[in-house]
Structure formats: structure tokens, C-alpha cells
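Trainee:
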Amino acid sequence: MEYSIQEVARAAGTTSRTLRHYDSIGLLRPSRVGPNGYRYYDNASILRLQRVLLLRQLGPDWTAAAQRGEDPASPAARELAGRQVDWLRAMPGTPAHDTDGDLVGYLLGLGELYVSDGRFAANYGGPEGATFVRDALRHYVESELS
């Protein structure tokens with residue numbers, strides 16, 4: 001299934017201008033562009049957008065915790081990870097939202113994505129911040145979801 005740029009922007013609480021900007025910097029490409037120039041997004045694109053929006057929302061808190069030298073297993077890091085999980089659970093279409101989705105696999109995969117993709121790592125202040133987020137998510141999974 002595909003959605004128009006307006007449908008995606010409205011559902012995600014952002015603007016079509018923001019989506020076009022994300023396309024121009026290579027952060028979020030539409031699944032296709034119609035002959036009329038309209039952008040269309042498939043489910044994989046929407047999942048990527050959700051990750052981008054999550055990073056934008058939670059990134060500064062994560063970065064500050066990493067810069068403070070917070071332990072990824074600390075209560076503060078666990079609280080940040082819990083907020084991220086709550087946000088993901090509220091996002092339709094994510095494995096976190098679906099009751100039969102693989103929440104643990106999804107969280108661990110996101111953590112690895114943040115470390116392996118420099119565009120995501122930049123949202124957390126670079127590789128060190130992204131590594132902190134990944135490790136905090138791992139500790140959260142072990143302590144809260146196992």
C-alpha cells in the first residue's frame with residue numbers, strides 16, 4: 001500500500017515540506033515519485049519516517065545523557081529507553097505497536113541501526129552517543145522485557 005505525501009504528513013504530525021526536505025538530504029526517500037512529481041510512501045518508508053521522528057524527539061535527551069557519561073544501565077538511561085518504547089508502542093504500523101510484533105527484536109535492531117548508520121548516529125551526537133543508546137536499549141530489554 002502507498003500513501004501520498006499529504007496523507008503521510010498528516011498521519012505523522014509533520015509537514016509535506018519536512019518530508020521533501022528529508023528527501024533532499026537523503027534521509028527519507030519516497031518509495032516512488034509519480035509522473036506528476038507527487039511523492040508516495042510505502043510501509044517501509046513510513047517505518048523509516050517513524051524512526052526519524054523518534055530520533056528528532058528523543059535525540060537531545062539521549063545525547064545529554066551520553067555526554068554526562070551516564071551508565072547505559074542506570075535508572076536515567078532506563079527511563080529514556082522506556083520513553084522510547086512507549087513512543088514506539090503508540091505508533092501504528094511498528095512492531096512495537098502490534099500486539100504480535102517482535103518488540104525485543106525491533107528494539108535491538110533499532111539500536112544497531114543507530115550505531116551502523118551515521119545519519120542516525122548524528123542525532124545522538126555521533127558514534128559514542130549512538131553506542132550509548134544501543135546499550136541502554138539492550139539493558140532495557142534485558143531488565144524490563146525478558
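Residue numbering for the sequence shown follows the UniProt record's numbering, starting at 1 and increasing by one per position.
Every residue, glycine too, gets a C-beta built ideally from N, C-alpha and C.
1. Is the distance from the Cβ of arginine 134 to the Cβ of valine 115 below 7 Å?
2. What's the C-alpha gap between arginine 32 and alanine 12?
3. Is it true that the CB of proline 72 sits closer than 7 Å to the CB of alanine 136?
4. In terms of DSSP beta bridges, what is arginine 32 paired with?
5. So, with DSSP's three-state summary, where would you put glutamate 144?
6. In the DSSP assignment, find the unbroken beta strand (DSSP E) run with glutamate 2 in it and report its ends.
7. From what residue to what residue does the alpha helix (DSSP H) around arginine 83 run?
8. Taking contact to mean at least 3 C-beta pairs separated by less than 8 Å, is the region 3–23 in contact with the region 44–58?
9. Taking all protein chains shown into account, do 16 or more other C-beta atoms lie within 10 angstroms of the C-beta of threonine 94, making it buried, or fewer, making it exposed?
10. Closest by CA to glycine 101, which one among Tyr140, Arg89 and Asn43?
Mentor: Quick answer:
1. yes
2. 19 Å
3. yes
4. Tyr40
5. helix
6. 2–4
7. 75–89
8. yes
9. buried
10. Arg89
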